[in-house]
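Below: one structure, written as structure tokens.
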Amino acid sequence: MEIKRIAILGSGRLGRGIAENAATKGYEVTLFTQGAGSQNAPHRIEQSLNRKVAKWALTETQKRVILNRISYTADLKELANADLVIEATVDHLYTKQELLRTADRLCKPNVIFILTSATLPVEEIARSLSRSQLLVGARFIPPVVDVDVVEFSYSQDTDPAAVETVKRFITSLGKQAIHVHESPGLVNPRTLVTLINEAAYLLDEGIANTEAIETIIKHSWGMTQGPFEMADRLGIDIILNWMEQLQERYGDRYMPAPVIRRLVRQGKLGVKTQQGFFHYNEDGQRVEKQD
Numbered sequence: 005m006e007i008k009r010i011a012i013l014g015s016g017r018l019g020r021g022i023a024e025n026a027a028t029k030g031y032e033v034t035l036f037t038q039g040a041g042s043q044n045a046p047h048r049i050e051q052s053l054n055r056k057v058a059k060w061a062l063t064e065t066q067k068r069v070i071l072n073r074i075s076y077t078a079d080l081k082e083l084a085n086a087d088l089v090i091e092a093t094v095d096h097l098y099t100k101q102e103l104l105r106t107a108d109r110l111c112k113p114n115v116i117f118i119l120t121s122a123t124l125p126v127e128e129i130a131r132s133l134s135r136s137q138l139l140v141g142a143r144f145i146p147p148v149v150d151v152d153v154v155e156f157s158y159s160q161d162t163d164p165a166a167v168e169t170v171k172r173f174i175t176s177l178g179k180q181a182i183h184v185h186e187s188p189g190l191v192n193p194r195t196l197v198t199l200i201n202e203a204a205y206l207l208d209e210g211i212a213n214t215e216a217i218e219t220i221i222k223h224s225w226g227m228t229q230g231p232f233e234m235a236d237r238l239g240i241d242i243i244l245n246w247m248e249q250l251q252e253r254y255g256d257r258y259m260p261a262p263v264i265r266r267l268v269r270q271g272k273l274g275v276k277t278q279q280g281f282f283h284y285n286e287d288g289q290r291v292e293k294q295d
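My numbering puts the first residue of the sequence shown at 5, with every later residue one more than the last.
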């Protein structure tokens, strides 16, 4: 089946990034906006495109064409029109199972589902679906529009034709599809949380302050963002959720540093609350703390 219209379940940073990427490559996108912060999705996507216009990477006309390819809805009945469904919600087993079961009932029978989970294997989610053989894992890495690799995985029961379709789709987005074996956390999430967690332990132990740790790691490894800004942009609550799930599966090497739990408890979740390890304005730009 030719893929023209894509449905994306989830309008957080990951879902918005996939939507922008797909629309830029010519796909019609329906972004399902449910949950906290979903009302900001159109504004956030336009902000991202505005930054490209400012750098002469896009014209204003091209930006408008891309925006017109993205529609927003909270009505899951719109899934009936999708040629491909991408799940991009929080990494909770029950949440993903319930949402994909609903999509399973509403979508055309030959529609492939993509699971973007960082910590939940395809096999665990597939058990609850009538189209279990059509579920393929593809871990897009934020910021999606800038990262040109995608980890993909599948279970032993996944239809090889579905895997090839997803690989072609990833390639059509201008990305390299890299196969990894089924494993909670895959490659990027496991290594990322390890870096963030060790930086947080350094902070808790008083080895250096937030800015010093961020600057040393960022400049030592040629990174555009250090571990604390990456955590802030992903969402510290999401990072904590990944750590807790990985700790349950792999043991205490993924035990979250106290400062991570403390920030989540205080509601300082990063960019989305304008405060985490650092402070941010409403456009997501870092700012100095105001006394």
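Yeah, the Cβ is synthetic: ideal placement off N, Cα and C, and Gly gets one too. Note that the coordinates shown come from a computational prediction; the quantities given were computed from them, not determined experimentally.
By the DSSP assignment, the alpha helix (DSSP H) with residue i in it spans what residues?
i	result
Y254	240 to 254
E50	45 to 58
E155	Segment 153 to 157 is the beta strand (DSSP E) holding E155; no alpha helix (DSSP H) there.
E186	No alpha helix (DSSP H) contains E186, which DSSP labels as neither H nor E.
K200	Note that residue 200 corresponds to Ile in the displayed sequence, not to Lys. It spans 192 to 208 - the alpha helix (DSSP H) in which I200 sits, taken as one unbroken run.
V126	126 to 130
I217	214 to 224
I264	262 to 269
E102	97 to 110
E6	Counting along the chain, E6 falls outside any alpha helix (DSSP H), and DSSP gives it neither H nor E.
G16	Counting along the chain, G16 falls outside any alpha helix (DSSP H), and DSSP gives it neither H nor E.
I174	164 to 176
On the DSSP bridge assignment, give the partners of residue i in chain order.
i	result
F232	DSSP, once it has assigned bridges, lists no residue as partnering F232.
L139	F117
V89	A11, F117
S75	T34
F144	V154
Y284	R290
Can you name the start and end residues of the beta strand (DSSP E) that residue i belongs to?
i	result
G303	The requested residue 303 is not part of the displayed model; the chain covers only 5 to 295.
H183	180 to 183
L80	Per DSSP, L80 belongs to no beta strand (DSSP E) and is neither H nor E.
A11	9 to 13
V33	32 to 36
For a cutoff of 7 Å on Cβ pairs, would you count residue i as touching chain C?
i	result
G141	Structure shown: chain C not included; a single protein chain is present.
Which residues in the same chain as residue i place their Cβ atom closer than 7 Å to its Cβ, once the five residues preceding and following it in sequence are excluded?
i	result
A186	Looking at the sequence shown, residue 186 is not Ala but Glu. Within the same chain, E186 has close Cβ partners P125, V126, E127, S157, S159.
V191	E155, V184
T106	L80
I200	P231, M234, A235, I243
I116	L88, L138, V140, A166, T169, V170
P46	Y76
A261	N201, A204, Y205, D208
Given that a residue counts as buried once 16 or more other Cβ atoms are within 10 Å of its Cβ, and exposed if not, what is residue i?
i	result
T93	buried
V197	buried
M5	exposed
I211	exposed
W246	buried
R20	buried
Q249	buried
N25	buried
A122	buried
G239	buried
P193	buried
S134	exposed
K112	exposed
G16	buried
Y254	exposed
T34	buried
V263	buried
K179	buried
T228	exposed
D256	exposed
K8	exposed
V188	According to the sequence shown, residue 188 is Pro rather than Val. Label assigned to P188: buried.
T219	exposed
Here's a check: name, in chain order, each residue in its chain whose Cβ is nearer than 6 Å to the Cβ of residue i, leaving out the five neighbours to either side.
i	result
D241	V268, L273
D295	Since pLDDT at D295 reaches only 48, below the 50 mark, its modelled position is unreliable, and the value read off the structure follows with that caveat. For D295, where only same-chain residues beyond five positions count, there are no Cβ hits under 6 Å.
S132	Q101, R105
A84	L110
Q251	Y258, M259
I10	A26, Y31, V33, L88
Considering only residues of the same chain and omitting the five flanking positions on each side of residue i, which have a CB-CB separation below 8 Å?
i	result
N54	K67
I49	R20, A23, E24, L71, I74
I129	L97, K100, Q101, L104, L119, S121, L139
T28	I70, V149
L152	The residue you asked about is not Leu; residue 152 is Asp in the sequence shown. These residues qualify, in order along the chain: G178, K179, Q180.
T37	S15, Q43, A45, Y76, T77, A78
E292	H283
What do you reckon, is the C-beta of residue i under 6 Å from a heavy atom of the ligand SAM?
i	result
A261	With respect to small molecules bound, the structure shown includes none, and the ligand SAM cannot be examined in it.
With a cut-off of 8 Å, do at least 3 Cβ pairs link the region 208 to 227 to the region 172 to 181? no
Between the region 98 to 114 and the region 65 to 72, are three or more C-beta pairs nearer than 8 Å? no
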